[in-house]
Amino acid sequence: MMEEGIKFYDASDDTGKRKMSDDVYVLAIESSCDETAAAVVCNGREVLSNVIASQIDVHKIYGGVVPEIASRKHIKCITPVIGEALRSAKCSLSDIDAICVTYGPGLVGSLLVGVGAAKAIAYARNIPLVGVHHIAGHISANYIEHKDLKPPFMCLVVSGGHTNIVEVRDYGIYNIIGRTRDDAAGEAFDKVARTIGLGYPGGPKIDKLAAEGNKDAVAFPRGHIEGAPYDFSFSGIKSSVLNYVNGCNMKNTGYNQADVAASFQEAVVDVLVSKTGSAACEYGYKTIVMAGGVACNSALRAAMQHMCDKNGMRLYCPPPVLCTDNAAMIGAAGYYEYRNGVRHDYTLNAVPGLKFE
Ligand code: KG4
Ligand code: ZN
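Residue 139 in numbering that gives the first Met the number 0 sits at position 140 of the sequence shown, with consecutive numbering throughout.
Quick look at the structure:
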C-alpha cells in the first residue's frame, strides 16, 4: 500500500536522461481493477520501472473487490504511483514519447481514474495518447520476459475476468478462437476458495493447499460445449464443488479441504491444457504462450509444460509479477500499438465491457 508518506512527482527530481535518440519510452498506466500501477517501458521490451500499489488488504475483508472502494483508492494512489514510476526510471515526462493506458475492460470507476490521469498528462505535455486493451496487455507481458518471443503464436489468457484462447497473428493482431461462456477461470478459483473457506484472492490459496491434497479424490466435471471445442464453461464445476461441500456438511462427514482444492484445480487445469493443445495443433502452432493471473498456477504451468514437451511445442510464461495486473505489460502492448500508428484523442473513455476483436 502506498498511501502513507505519499510523494508527489517533482520534475526537479529528474536525474538526467539516458535515452538513445531512437528509443521509444512509454509511460503506462493500469487501473482496471484493484491495482494502481504505472511503469516506464523502453521499446516495448525493457522495463525501466514497474510500480504497483495493491489494494488486496482492503478488499479481502469483504471477500472480493468492492468497486466503490477501489475507485477511491485509485484516486489517492494514481499521482504518487506515476511519480514513483518516473522517479525510479530516472526519467522525466520530457523523455516520454507516448502515454499508454488501459481503457477497458474492467470496473468503470477504476478505469476512469487511469484514463483521466493519462489524458491529463497527454494534454498537458502534448504527448500521444494510446488506449490499450487489458487482455492485449496480459499477452504482451511475455514480450518483456522473453526477448526472443515474436508472433505468431497461440496464447491462453486466464485471469480473474477472462479466459480466452487467442491466436496472436502479429503484434497487435489478435484472433479469438475460444472464450468462456460464463465464469472466468480465476473467478472459479476465487469462488471455490470461498466455498471451501479459504480467503480472497482464492487462486494462490488453492494453488498452495492443492499441493497437499489428492487430485483424484473427487471427480469434478470437465466443462465441454457441444460444437464449440475451444470455448470454456466453469459454472458447472463451481456448482459441483458447492454441492459436494453441502452434501458433506449435511451428512456431517466433513470433507478434506486440500483434496477438494486439488481435485477442483486438476479439473480446471485439464480443460485449459487440453483445449489449448488441441487449438495449437489444429491451427498449426508450435509456440504456446500463457498470460493472466491464473498463469501463476503451479499445476497449470507444470501440466502445460508436459503437454508442450509431449507435442514438441515451446512454452512461454511471464514471471508471476507480470502475470497479475501491472502497468509494464500495458507499456509493452502500448508500444506495439504506438508503432502500428494507433493514437487516441481526448475523447478516449473508459469502456468497462470493451470487446477484444
Ligand atoms: O490477471 P489478474 O491479476 O486480474 C484480472 O485481469 O482479472 O488475475 C487475477 C486472478 C484472480 O482470480 C486470482 O485468484 C488468480 O488470478 N490467480 C491464481 C493464482 N494467482 C492468481 N489462480 C490460480 N493459481 C494461482 N497461483
Ligand atoms: Zn488482468
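Here a beta-carbon is modelled for each residue, glycine too, at the ideal position from N, C-alpha and C.
Bridge partner(s) assigned by DSSP for residue i
| i | result |
| --- | --- |
| Y61 | According to DSSP, which records beta bridges pairwise, Y61 is partnered with nothing at all. |
| V25 | V40 and A97 |
| G103 | H132 |
| S53 | E34 |
| N163 | V156 and R178 |
| S48 | V39 |
| I287 | M153 and L314 |
| D169 | I172 |
Span separating the alpha-carbon of residue i from that of residue j
| i | j | result |
| --- | --- | --- |
| D21 | S93 | 15 Å |
| G177 | F231 | 7 Å |
| V167 | V267 | 23 Å |
| G82 | F219 | 48 Å |
| S70 | G283 | 43 Å |
| V244 | L197 | 13 Å |
| R124 | K59 | 38 Å |
| T194 | E67 | 25 Å |
| S158 | S238 | 20 Å |
| I120 | P150 | 32 Å |
| T35 | L111 | 12 Å |
| L299 | G235 | 20 Å |
| M1 | K250 | In this prediction, M1 scores a pLDDT of 45, lower than 50, which makes its location untrustworthy; the coordinate-derived value is nonetheless stated afterwards. Going from the Cα of M1 to the Cα of K250 covers about 47 Å. |
| P79 | S87 | 12 Å |
| S53 | P319 | 15 Å |
Contact check, residue i vs residue j, beta carbons under 8 Å
| i | j | result |
| --- | --- | --- |
| G136 | I329 | yes |
| A349 | Y199 | no |
| C90 | V25 | no |
| A260 | L321 | no |
| V398 | G333 | Shown here, the chain extends from 0 to 356; a query on residue 398 therefore has no answer. |
| V46 | A38 | yes |
| V191 | V240 | yes |
| M185 | V23 | The displayed chain sequence assigns Gly, not Met, to residue 185. No, the Cβ-Cβ distance between G185 and V23 is not below 8 Å. |
| R312 | V272 | Before going further, note that residue 312 is Met rather than Arg in the sequence given. No. Outside cutoff. |
| A257 | G212 | yes |
| V40 | N141 | no |
Whole-angstrom C-beta distance between residue j and residue i, which should lie under 8 Å
| i | j | result |
| --- | --- | --- |
| A84 | V50 | 5 Å |
| I138 | C154 | 5 Å |
| I164 | F188 | Contact flag wrong, Cβ pair sits at about 18 Å. |
| A216 | N255 | 7 Å |
**OP:** Starting from the N-terminal end, write out each residue whose C-beta falls within a distance shorter than 5 Å of any non-hydrogen atom of ligand 2.
**Re:** Those residues having their beta-carbon less than 5 Å away from any non-hydrogen atom of ligand 2 are, in chain order, S158 and D324.
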